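What follows is a set of notes on a single structure, which appears directly below.
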């Protein structure tokens, strides 16, 4: 019997300085030392003492990281200052629609997606699909709906092959498609309204024959009882393209981006079929995206949307897909229309080796969380960037090990992992940054307390360390939607700078 395949060696990019502190703290310490020397030469001993204590006061917030959130005091201060400004200006509360504060009476998506546009297009084979364009970053995202069959009754060899192909697909995004900014996989579980089952039974009901009455009775009982308590699982994969092929390069016009995505889409679908995303992964049309987003912001209309789609379509537009009311004033809860949501972010990947089913419990439907969305966020790196990142990680690990008199076994393990990653990258393996966003939505706010404990248990079973998206609930909710938002490119601080904090 062969041993089961294990996975691991995930490393968070970090730039460490002297004595294991961050590079930002090291740079501040160096500047403080220079300032102390200058102060001692010009102001004497008292001036040097003042600079010493001032440097210490500036360094303490950098060194004081919250173990629950991983944020420094500086990060917490700026986040809270931004939220206080939103509360003061009233921008934390959204009221739109016919009776809202918007002049045209529309209900656009809030926050980072407010200026987004929906484009209808067709691929190289004439298949229609929708593109979400975010003008602030000039990103174009296409969404693919899959139908994963799960891992039940699937041989381990086939699962290993699917995982390998999925890894190849992700590596291809960075190595061959150099204009791709990111990818997402969103697995959502929600109560099944049973609309599709009812319409399927009605369409196939026989009215003639000796057993027609009995069959009609049996299928009628199934139609009435089956949807109760059943969960519906949807899998959506988004791929986000940049309009610039190189930093600082010219932007490609929308028409060229449509052709680019339409030509790349068929080859992507071929690999996805072999990776476990279903036998027929299909690009979502513009109307599919509108309806999915409408239900995400107001789950109470899920049955109405399903009924309308079965009857010919909802007729909603992108400008009508958002909530008419949203409240982002609370640090841990986001209210949108008739629902309340809580979101979590991955703080740390599994530190030990895991098997391919490590996320099974987290992704599966749960009776305590009627509507749950788990989104895996990927940012593929080009071959040049991958080489620079892995070599930088080796140098950082060496620096920490050689300059720390009390180096720990974890520092030595970090160096071994960095060297192993560098060897794998040199032989053709792809590098990719990834994260996880979990959003739980309820229609009754009294259910929120149960959700917190349930998510804590599920994350522990999945070896993930999560943190609540404190004061950033609205942005995290939007990033968890499979619409291709790449959060690091919407922040004021570049991701490379955050690695040094």
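Numbering (our numbering), first residue to last: 37 to 537.
Ideal Cβ placement from N, Cα and C applies to all residues, glycine included.
Just so it is clear, the structure is predicted and the values come from calculations on it, not from any experiment.
- Residue 428 carries a helical assignment under DSSP once its states are collapsed to helix, strand and coil.
- Counting other Cβ atoms within 10 Å of its Cβ, residue 429 reaches 16 or more and is therefore classed as buried.
- Per the DSSP secondary-structure output, residue 275 pairs in a beta bridge with 178, 219.
- For the pair residue 376 and residue 481, the CB atoms are nearer than the 7 Å cut-off.
- The C-alpha of residue 451 lies about 5 Å from the C-alpha of residue 433.
- Judged by beta-carbon spacing, residue 398 lies within the 7 Å limit of residue 494, meaning their Cβ atoms are closer than that value.
- Between the stretch 325-332 and the stretch 193-204 there are fewer than three inter-stretch CB-CB distances shorter than 8 Å, so the stretches are not counted as touching.
- With respect to the C-alpha of residue 199, the residue from 474, 447, 40 having the closest C-alpha is 40.
- For residue 43, the secondary structure class from DSSP, reduced to helix, strand or coil, is strand.
- Within the model, the alpha-carbon separation for residue 344 versus residue 325 is close to 15 Å.
- Note that the C-beta distance between residue 454 and residue 147 is not below 7 Å.
- In chain order, 87 place their CB closer than 6 Å to the CB of residue 71, counting only its own chain and leaving out the 5 sequence neighbours on each side.
- DSSP, reduced to helix, strand and coil, places residue 363 within a strand of the structure shown.
- If one requires a minimum length of 3 residues, the beta strand (DSSP E) runs lying completely within the stretch 140-204 are 153-158, 164-170, 175-182, in chain order.
- When rounded, the separation of the alpha-carbon atoms in residue 213 and residue 224 is 27 Å.
- When 411, 149, 470 are compared, the shortest CA-CA separation from residue 221 is found for 411.
- Taking C-beta atoms as the reference points, residue 504 and residue 380 count as a pair closer than 7 Å.
- The Cβ neighbour count for residue 161, taken over all protein chains shown within 10 Å, is under 16; the residue is labelled exposed.
- The beta carbons of residue 364 and residue 128 sit closer together than 7 Å.
- For residue 381, there is no enclosing alpha helix (DSSP H); the enclosing beta strand (DSSP E) has its first and last residue at 375-384.
- Closest option to residue 300, judged by alpha-carbon separation, among 366, 205, 60: 205.
- Out of 415, 527, 378, the CA that lies nearest to the CA of residue 333 is found in 378.
- Within the same chain, and ignoring the five residues on either side of residue 514 in sequence, the residues whose Cβ sits closer than 7 Å to its Cβ are 147, 148, 149, 521.
- Comparing alpha-carbon positions, the option among 171, 351, 275, 337 lying closest to residue 287 turns out to be 171.
- At least 7 Å separates the beta-carbon of residue 132 from that of residue 477.
- Of 467, 472, 341, 405, the smallest CA-CA separation from residue 413 is found for 472.
- Around the beta carbon of residue 426, 16 or more other beta carbons lie within 10 angstroms, which makes this residue buried.
- Judged by their CB atoms, residue 273 and residue 155 are not nearer to each other than the 7 Å cut-off.
- Residue 63 carries a helical assignment under DSSP once its states are collapsed to helix, strand and coil.
- Short of 8 Å from the beta carbon of residue 94, and not among the five residues preceding or following it, lie these beta carbons of its own chain, in chain order: 64, 68.
- The beta carbon of residue 75 lies closer than 8 Å to those of 83, 84, 86, 87 in the same chain, with the five residues before and after it left out.
- Between residue 475 and residue 367, the C-beta gap is not smaller than 7 Å, which leaves the two residues out of contact.
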